[in-house]
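Q:
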Amino acid sequence: MIQGFYHDPSVNLDDLDRVLVKVITDNKDKVISWFKDEAGSWGFLAGKAVTAYRTELKRGLTEKERQILWARLWSLLETLKARL
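Residues in the sequence shown are numbered consecutively from 41, following my numbering.
1) Going along the chain, which residues of its own chain have a beta-carbon closer than 8 Å to the beta-carbon of K62, five neighbours each way excluded?
2) I'd like to know whether the C-beta atoms of L109 and A89 end up nearer to each other than 7 Å.
3) Using a Cβ cut-off of 7 Å (strictly closer), state whether E96 contacts chain D.
4) Relative to the alpha-carbon of N52, which residue among A122, G80 and L97 has its alpha-carbon at the smallest distance?
5) Just the C-alpha distance for D69 and S50, rounded to the nearest angstrom, thanks.
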């Protein structure tokens, strides 16, 4: 990861992580699909995460916010996969 990538004062990482954990918890079937590298699983989870965080913030996301969200989601999923 690029040093300082997550340093964006508009992104509260605790709030973001809470939203991402809920997306993962609510979509366990797609998480399992992602573990199996099934087509469409990443796009589904990424889309759900963007929608959930956008709803949380009550506004659209900037490109940087989307990139941070995707990176955090990917990292969480990789961490879960490594623990299996």
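Where a beta carbon is used, it is the ideal one built from N, C-alpha and C, also for glycine.
Treat the numbers as computed from the prediction; the structure is a model and nothing was measured.
A: Considering the structure as presented:
1) On the sequence shown, residue 62 is found 22 positions in, with the first residue counted as 1. Excluding residues within five positions, the ones whose Cβ falls inside 8 Å are A92.
2) The count along the sequence shown starts at 1 and reaches residue 109 at position 69. The count along the sequence shown starts at 1 and reaches residue 89 at position 49. Contact flag set, yes.
3) Within the model displayed, chain D is absent; a lone protein chain is all it includes.
4) Residue numbering aside, residue 52 sits at position 12 when the sequence shown is read from its first letter. With distances taken between Cα atoms, N52 lies closest to L97.
5) Mapped onto the sequence shown, residue 69 falls at position 29. Mapped onto the sequence shown, residue 50 falls at position 10. Cα to Cα, D69 sits roughly 31 Å from S50.
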